[in-house]
Structure formats: structure tokens, C-alpha cells
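Mapped onto numbering that gives the first Met the number 0, the consecutive letters of the sequence shown carry residue numbers 0 to 146.
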Amino acid sequence: MAAATVSSSYVALAKTLPPRLIKFFKRWPPGTAETPRLNPFTTTVNPATGKWQDPIFSLRRQADICKLARKYGVEELLPPTPKSSMSREKRAMEVKKVTAKKVKGQMWERHLQEKLKKRKEAMLKMPTMIKEWKLKGHGRGWKEWPK
């Protein structure tokens with residue numbers, strides 16, 4: 000008796016779905032644990048020829064079907080697709096690679112702040128350096144030439 004009520008609730012749910020989803024689930028029914036289902040959203044190998052076949056649904060059509068299924072609450076019945084909300088959340092949680100980002104600005108622009116800082120420090124030390132220069136005989140005995 001309980002199985003009849005469950006199946007009747009599924010029938011009632013199916014009647015509320017739009018025709019596009021009904022047509023999709025007729026052609027590609029959700030699989031069970033015993034029978035794996037074919038995925039029309041990914042490329043597959045033809046067992047007879049060994050050649051790869053393109054996905055049956057393009058990414059745009061996959062997105063449309065996922066949006067419809069999400070709206071009617073049956074998205075978990077769809078085969079795995081990059082357009083599902085679960086895979087989108089998974090991609091959002093991944094750490095982005097920051098090493099591949101392009102560096103902004105020219106080399107001289109990136110080094111300008113450091114160069115100006117060194118120049119300012121050198122200018123502040125200049126009076127002591129001049130005194131030392133004069134004391135040591137204008138370069139004789141000078142160990143470190145300023146850059």
C-alpha cells in the first residue's frame with residue numbers, strides 16, 4: 000500500500016513539471032544504484048567504434064534544463080553537469096590560482112616606490128657623507144662609494 004502512495008505522489012509531481020522536463024526525463028530517466036545511467040551532458044565513447052561522441056545537450060541547453068529543474072525542485076534527479084548548482088558551489092569553494100595572474104604595470108612603475116624610498120634615505124644621510132668625504136681627503140681612503 001505504501002508503494003502505491005509513493006508512486007502516486009511521483010505521478011502527481013510529474014504532472015506539475017513543464018513539458019520540456021517531462022520530455023527530458025522520458026528520454027533520460029534517473030538511474031538507480033543497480034543500473035548506471037547514461038549522461039547526455041558529457042562526451043561518451045561509442046563502444047562499437049571506439050570514437051568519442053559529443054554531448055547531446057550543449058552547455059546553454061544544459062543551463063536551461065538545470066534552471067527549470069531547480070525551479071521545480073527536481074535538480075538532484077538530473078545527471079551530473081557543470082551547470083548544476085552543486086558543481087557551481089564546488090567551483091566557488093576552490094582556491095583560485097593567483098600565480099597565473101598577469102603583473103600590472105611596467106617594470107619601472109613597479110620599482111618606483113622602493114627607488115624613491117632609497118633616494119630619500121640617501122638624501123637624509125648626505126650631510127654626514129659630505130663631512131666624511133672632506134675629512135678623508137676627497138676620496139682617498141673612501142671604502143664605500145655611494146650608488
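From the three backbone atoms N, C-alpha and C, an ideal C-beta is built for every residue, glycine too.
Host alpha helix (DSSP H) of D63 (start-end): L58 to Y71
Sub-8 Å separation of I21 and A11 beta-carbons: no
Under three-state DSSP, which class holds V94? coil
Residues bridged to V44 (per DSSP): W51
Let me make sure I understand the geometry here. Which of A91, N38, Y71 and T42 has the alpha-carbon closest to that of R147? The chain is shown from 0 up to 146; residue 147 falls before or after that span and cannot be answered.
What separation, rounded to the nearest whole angstrom, lies between the Cα atoms of I65 and W27? Note on identity: in this sequence residue 65 is Cys, with Ile being the wrong assignment. Near 14 Å, if we compare the C-alpha coordinates of W27 and C65.
Q105: first and last residue of the uninterrupted alpha helix (DSSP H) it sits in: Segment: none, Q105 is in no alpha helix (DSSP H) and carries neither H nor E.
Our contact map puts F169 next to F56 with C-beta atoms below 8 Å; I'd like the distance itself, whole angstroms only. Since the first residue of the chain shown is 0 and the last is 146, residue 169 is not available in this structure.
Exposure of T80, with buried meaning 16 or more beta-carbon neighbours within 10 Å: buried
Specify the secondary structure class of R36 as computed by DSSP and reduced to three states. coil
Coarse secondary structure for W141, derived from DSSP in three states: coil
May I have the straight-line CA-CA distance separating R109 from M128, to the nearest angstrom? 29 Å
Residues near V44 in its chain [Cβ-Cβ closer than 8 Å; skip 5 each side]: K50, W51 and Q52
Whole angstroms is fine: what's the gap from E74's alpha carbon to S84's? 8 Å
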